[in-house]
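Participant:
There are 2 protein chains.
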Amino acid sequence: MASRAKATIFDIAREAGVSKSTVSLVLQGSGLIRPETAVKVRKAIEDVGYVYNRGAANLRKAHSNVIGMVINDLTNPFFAELAVGMERVFQSAGIVPFIANTAENPVRQEEVLKSLMEQCVAGLIVSPARGTTPGAFRRLEMAGVPVVFAMRRLPESRIPVIAPDNHRGAYLAAAHLIGKGHRRLAFFGGSSDLVVYQERLGGFREACEVLGIAASDVLVVEGETSRRGGIACLETALTMVEPPTAALCFNDAVAFGVMLALRKRGLEPGADFAVVGFDDVVEAEHYMPALTSVSVDTAGLGERAAHVMLKMIQSRTTRAEDHIGAVNLVVRESCGPDRRTQGRPAATGGAA
Amino acid sequence: MASRAKATIFDIAREAGVSKSTVSLVLQGSGLIRPETAVKVRKAIEDVGYVYNRGAANLRKAHSNVIGMVINDLTNPFFAELAVGMERVFQSAGIVPFIANTAENPVRQEEVLKSLMEQCVAGLIVSPARGTTPGAFRRLEMAGVPVVFAMRRLPESRIPVIAPDNHRGAYLAAAHLIGKGHRRLAFFGGSSDLVVYQERLGGFREACEVLGIAASDVLVVEGETSRRGGIACLETALTMVEPPTAALCFNDAVAFGVMLALRKRGLEPGADFAVVGFDDVVEAEHYMPALTSVSVDTAGLGERAAHVMLKMIQSRTTRAEDHIGAVNLVVRESCGPDRRTQGRPAATGGAA
DNA sequence: TTGATTTATTGGAACGTTCCATTTATAGGC
DNA sequence: GCCTATAAATGGAACGTTCCAATAAATCAA
Chain B
54 MASRAKATIF DIAREAGVSK STVSLVLQGS GLIRPETAVK VRKAIEDVGY
104 VYNRGAANLR KAHSNVIGMV INDLTNPFFA ELAVGMERVF QSAGIVPFIA
154 NTAENPVRQE EVLKSLMEQC VAGLIVSPAR GTTPGAFRRL EMAGVPVVFA
204 MRRLPESRIP VIAPDNHRGA YLAAAHLIGK GHRRLAFFGG SSDLVVYQER
254 LGGFREACEV LGIAASDVLV VEGETSRRGG IACLETALTM VEPPTAALCF
304 NDAVAFGVML ALRKRGLEPG ADFAVVGFDD VVEAEHYMPA LTSVSVDTAG
354 LGERAAHVML KMIQSRTTRA EDHIGAVNLV VRESCGPDRR TQGRPAATGG
404 AA
Chain P
54 MASRAKATIF DIAREAGVSK STVSLVLQGS GLIRPETAVK VRKAIEDVGY
104 VYNRGAANLR KAHSNVIGMV INDLTNPFFA ELAVGMERVF QSAGIVPFIA
154 NTAENPVRQE EVLKSLMEQC VAGLIVSPAR GTTPGAFRRL EMAGVPVVFA
204 MRRLPESRIP VIAPDNHRGA YLAAAHLIGK GHRRLAFFGG SSDLVVYQER
254 LGGFREACEV LGIAASDVLV VEGETSRRGG IACLETALTM VEPPTAALCF
304 NDAVAFGVML ALRKRGLEPG ADFAVVGFDD VVEAEHYMPA LTSVSVDTAG
354 LGERAAHVML KMIQSRTTRA EDHIGAVNLV VRESCGPDRR TQGRPAATGG
404 AA
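The listed protein sequences correspond, in order, to chains B and P. Per this note's numbering, residue 54 is the first one in the first sequence, and the count goes up by one each step. Per this note's numbering, residue 54 is the first one in the second sequence, and the count goes up by one each step.
(1) Tell me whether the beta-carbon of G378/P lies closer than 8 Å to the beta-carbon of G353/P.
(2) Work out the CA separation of P322/B and A227/B for me, nearest whole Å.
(3) Does any residue of chain P have a CB that is nearer than 8 Å to the CB of V383/B?
(4) Can you list, in chain order, the residues of its chain whose CB lies under 6 Å from that of T345/B, leaving out five sequence neighbours each side?
(5) Would you report the Cα separation of Y340/B and L320/P, rounded to the nearest angstrom?
(6) I'd like to know whether the C-beta of L112/P is nearer than 8 Å to at least one C-beta of chain B.
(7) Can you tell me whether DSSP reads N106/P as helix, strand or coil?
(8) Using Cβ-Cβ distances below 9 Å, what residues of the region 149-179 of chain P are close to chain B?
(9) Compare the C-beta of N106/P with all C-beta atoms of chain B and state if any pair is closer than 8 Å.
(10) Tell me which residues share the same chain as M365/B and place their Cβ nearer than 6 Å to its Cβ, disregarding the 5 neighbours each side in the sequence.
(11) Within this structure, are the beta carbons of V123/B and A146/B separated by less than 8 Å?
(12) I want to check one thing, is the minimum distance from the CB of S348/P to the heavy atoms of the ligand PLP below 7 Å?
(13) From the DSSP output, read off the bridge partner residues of D332/P.
(14) At a CB-CB cut-off below 7 Å, which residues of chain P make contact with K59/B?
(15) Once you ignore the five residues that flank D391/P on each side, which residues in its own chain have a CB closer than 6 Å to its CB?
(16) Under 8 Å between the Cβ atoms of L169/B and T185/B?
(17) Only counting the same chain, and skipping five residues up and downstream in sequence, which positions put a Cβ closer than 8 Å to that of P159/B?
(18) Please report the distance separating the alpha-carbon of A196/P from that of K59/B.
(19) Output, in chain order, the set of chain P residues within a Cβ distance shorter than 9 Å of G319/B.
(20) Which residues, in chain order, does the region 328-339 of chain P contribute to contact with chain B at a C-beta distance below 9 Å?
(21) So if DSSP puts G243/P in a beta bridge, which residue, or which two residues, is it bridged to?
(22) In terms of alpha-carbon separation, which member of M139/P, G242/P, L272/P and I148/P lies closest to M293/P?
(23) Using a Cβ-Cβ distance under 8 Å, would R211/P count as near chain B?
(24) Looking at G310/P: is its Cβ nearer than 8 Å to the Cβ of G283/P?
(25) Would you mind stating whether R253/B and F331/B have Cβ atoms separated by less than 8 Å?
(26) Confirm, please, whether the CB-CB distance from M204/B to A223/B is below 8 Å.
(27) Tell me which residue opens and which closes the alpha helix (DSSP H) that L78/B is part of.
(28) Mind listing the chain P neighbours of P297/B? Cutoff is C-beta to C-beta under 8 Å, in chain order.
(29) Determine contact between the region 59-74 of chain P and the region 82-100 of chain P, defined as no fewer than three beta-carbon pairs at a distance below 8 Å.
(30) In chain order, what residues of the same chain have a beta carbon less than 6 Å from the beta carbon of E157/B, not counting five sequence neighbours either side?
(31) What residues match up with G176/B in a beta bridge as DSSP calls it?
(32) Determine whether the Cβ of L344/B lies closer than 8 Å to any Cβ atom of chain P.
(33) For A115/B, which option in S83/P, E336/P and A109/P has the closest C-alpha, if you only look at C-alpha atoms?
(34) Between E171/B and N106/P, how many whole angstroms is the CB-CB distance? I'm expecting something under 8 Å.
(35) Measure from the alpha carbon of V104/B to the alpha carbon of each residue in R192/P, G243/P and E338/P, then state which is nearest.
(36) I want to see whether chain B comes within less than 8 Å of V137/P, judged by CB atoms only; does it?
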């Protein structure tokens, strides 16, 4: 039974008949302590219902054992997967990562970062919110806290980045659509204030250019990176005089929205309109039709980010190499050939 | 420009030409300080690049301003919604909740709880992992840390619970299916070691009993609470000699799996087999066909849990009232009438 | 002017650890 | 039996805050 006031190492010391220093050493698993003494102390720890006070310990140490994960949108299952990958690594290092959500809000992000700094975090893995100001991470840098960006990056920052090869992923996806005979292509969702967006759109554009799609046949519709955004993008696209026959979506959520909107209009995704997603979240495989998507190995990137973080902490540095993860296109059922060009040799300007 | 070693209130004091106590008071926004002095101090704080050390402060205070959210499955969007609701409330109280994932693993949960206790959390909102041992929260109770359970509860525990009215939700859903003429009903997914499962299954069973469904016409298939679990449940059910024509699923994830499995077998969810979900996650509305589901107002429950938590902290108590949230059935397109009994008056034992 | 009252500010003692420099106990060498 | 070397345990001074009691300065009533 524990006393009302919380026990300290002094209480343990008294109980075990040793000094507080001995207790401290036992707590740290020091080999300097005689085994029998250690046993005695551990029993006392149990008896008094002791809870280690990490805050007090941190006062003497340079930093805590807390690592923060700052995530811009927890409701996107993609980020949950990322978190799961990181947790795997940290768990085996005896660290519990704390996750905080910024809900894509830079002001909120500022608060979250401040709060984490106040806890003396050992390091931070961040997927920055949209519209993050350039100076947002200056304080962290000044304080010498290791930070790595996961999935997203900031335009001018020197903070290391762990991200998939967005350019190549988008290129592969676009090439696949073009290979299926599609000539009027769209890029749906996302917005240009995101570096990721630039990269993905860049890969898409490059594929179009290299593989002979006229710039005038390419339609880019910005929008929310959610199902809702996808629905809106499709609606917009179908009002065009010469609507696209296929779309690469900024991410899977957008793609799901697009497929939904197609069905609502009586069109069959895959057969009547080809759609490719990005990220390959677990649901992609389980969708109807199963979504063709660019797989980025999210959990793997999470693991990688965690490893880089651990290494930075260990070597007391705030710098590390970027890591661009390999991607590959997982072809499923959401994109069939263009019905209009089917069988015919690829014609550059071929309209409906 | 900040010096390499991190600044303390003493550095600020020197810079501003006041005592450390004055700095401390300014930091706490005390009204005892002359406005001009406060301004001077705040400038010094900015100049030296000061970062508040909450760990040191906690040493004097009873607890930190950290609230932990311990969640059993972050990849289930349902819990992300819960988290979002809580965050709304805590944000306005100037608190950043830290989320930790237990991945439905009691051992991991133990580690997470230990780690949070060591940080001297002010309180904990927990959705306990499956298979949590009765004593898992004893240490928390002993330490007098306020804990509330969200969504899930433990069999014998006295910890306050914020959860939806599972029994009634399941009753409503089953009654709806029965009203549509279904006579052979199934309950899919979940497992009996969860109290929530007992509640939902209980409501389902009561509806069957009250509304004249023979016990022999009720099929209960336990399974994982995921898409995969749903797929497995349907496979099992369809191998029966007299398979059900409708199912209430433990949650939406299971329902999505069931719909998927139906499609794979060439059956149309809604028309050929009625399915109802539970939780009404955002995707339910956006599914194809849109899923009829029991809406539990997840974010609202999250807010409620957060409010209860704040009140507990404020009044220094570890007890609070349970809160059972209202539910309602959102009817969409995933459950049509039973084709076999359609038009006929309800017959009790009517087989295919 | 003097003492009482209010307003601003301050020093010092915690808080619960860690870590260094010592001390004490144990064993080994001769 | 004495000195030295090693092993085990210990006391004390940090660490960066808060909070209380005390001081100093300013205001006021008489």
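For glycine and all other residues, C-beta sits at the position ideal for the given N, C-alpha and C. Computed from a prediction, not measured in an experiment: that's the story for all the values here.
Facilitator: This is what the structure gives:
(1) To locate residue 378/P, count along the second sequence from 1; it is residue 325. To locate residue 353/P, count along the second sequence from 1; it is residue 300. Contact: yes.
(2) One-based indexing of the first sequence puts residue 227/B at position 174. One-based indexing of the first sequence puts residue 322/B at position 269. So the two alpha carbons sit approximately 17 Å from each other.
(3) Counting from one through the first sequence, the residue named residue 383/B turns up at place 330. Output row for V383/B: interface = no.
(4) Here residue 345/B corresponds to residue number 292 of the first sequence, with the count starting at 1. Cβ within range, chain order: V329, V384, R385, S387 and C388.
(5) Here residue 340/B refers to the residue found at position 287 of the first sequence. Here residue 320/P refers to the residue found at position 267 of the second sequence. In a straight line, the C-alpha of Y340/B is about 15 Å away from that of L320/P.
(6) As a position in the second sequence, residue 112/P is number 59, starting the count at 1. L112/P counts as touching chain B.
(7) The count along the second sequence starts at 1 and reaches residue 106/P at position 53. Note: N106/P maps to coil in three-state DSSP.
(8) V149, P150, F151, I152, A153, N154, A156, R161, E164, V165, K167, S168, L169, M170, E171, Q172 and C173
(9) Counting from one through the second sequence, the residue named residue 106/P turns up at place 53. Yes, its Cβ sits closer than 8 Å to a Cβ of chain B.
(10) Position 312 of the first sequence, counting from 1, holds the residue named residue 365/B. P199 and A373.
(11) Counted from its first residue, the first sequence places residue 123/B at position 70. Counted from its first residue, the first sequence places residue 146/B at position 93. No. Outside cutoff.
(12) This structure lacks the ligand PLP; in fact it carries no ligand of any kind.
(13) Taking the first residue of the second sequence as 1, we reach residue 332/P at position 279. Beta-bridge pairing links D332/P to S348/P.
(14) Locating residue 59/B in the first sequence gives position 6, where the first residue counts as 1. By Cβ distance, chain P contributes A196.
(15) Numbered from its first residue, the second sequence carries residue 391/P at position 338. Around D391/P: G234, H235 and T298.
(16) Walking along the first sequence from the start, residue 169/B turns up at place 116. Walking along the first sequence from the start, residue 185/B turns up at place 132. In this structure, T185/B does not lie closer than 8 Å to L169/B by Cβ.
(17) Your numbering for residue 159/B matches position 106 in the first sequence. Once the five neighbours on either side are set aside, the close Cβ partners of P159/B are A182, R183, G184, T185, T186 and A189.
(18) In the second sequence, residue 196/P corresponds to position 143, counting from 1. In the first sequence, residue 59/B corresponds to position 6, counting from 1. Looking at the two C-alpha atoms, the distance is approximately 7 Å.
(19) Here the question's residue 319/B lines up with position 266 in the first sequence. Per Cβ cutoff of 9 Å: no residues; G319/B is ~12 Å from chain P at best.
(20) V335, E336 and H339
(21) The sequence position of residue 243/P within the second sequence is 190, counting from 1. According to DSSP, which records beta bridges pairwise, G243/P is partnered with G276/P.
(22) Position 240 of the second sequence holds residue 293/P. Nearest C-alpha to M293/P: L272/P.
(23) By 1-based counting over the second sequence, the position of residue 211/P is 158. So, not an interface residue.
(24) Taking the first residue of the second sequence as position 1, residue 310/P is located at position 257. Taking the first residue of the second sequence as position 1, residue 283/P is located at position 230. Yes, Cβ-Cβ distance for G310/P and G283/P is below 8 Å.
(25) Locating residue 253/B in the first sequence gives position 200, counting from the first residue. Locating residue 331/B in the first sequence gives position 278, counting from the first residue. Against a cut-off of 8 Å, the Cβ pair of F331/B and R253/B comes out as a contact.
(26) Counting from one through the first sequence, the residue named residue 223/B turns up at place 170. Counting from one through the first sequence, the residue named residue 204/B turns up at place 151. Not in contact: A223/B and M204/B (Cβ atoms no closer than 8 Å).
(27) As a working note, residue 78/B is residue 25 in the first sequence. K73 to L80 is the extent of the alpha helix (DSSP H) around L78/B.
(28) Locating residue 297/B in the first sequence gives position 244, counting from the first residue. Going along chain P, no residue has its Cβ under 8 Å from P297/B, so there is no contact; the nearest lies around 22 Å.
(29) yes
(30) Numbered from 1 along the first sequence, position 104 holds the residue referred to as residue 157/B. Excluding residues within five positions, the ones whose Cβ falls inside 6 Å are N125, D126, A182 and R183.
(31) Here residue 176/B refers to the residue found at position 123 when the first sequence is read from its first residue. Per DSSP, I120/B.
(32) For the purposes of this step, residue 344/B is taken as residue 291 along the first sequence, with counting starting at 1. For L344/B, the answer is no, since every Cβ of chain P falls outside 8 Å of its Cβ.
(33) Numbered from its first residue, the first sequence carries residue 115/B at position 62. Minimum Cα distance to A115/B is reached at A109/P.
(34) Walking along the first sequence from the start, residue 171/B turns up at place 118. Walking along the second sequence from the start, residue 106/P turns up at place 53. Indeed, because the Cβ distance is near 7 Å, the residues count as touching under 8 Å.
(35) Counting from one through the first sequence, the residue named residue 104/B turns up at place 51. Checked all of R192/P, G243/P and E338/P; the closest Cα to V104/B is R192/P.
(36) Counted from its first residue, the second sequence places residue 137/P at position 84. For V137/P, the answer is yes, since a Cβ of chain B falls inside 8 Å of its Cβ.
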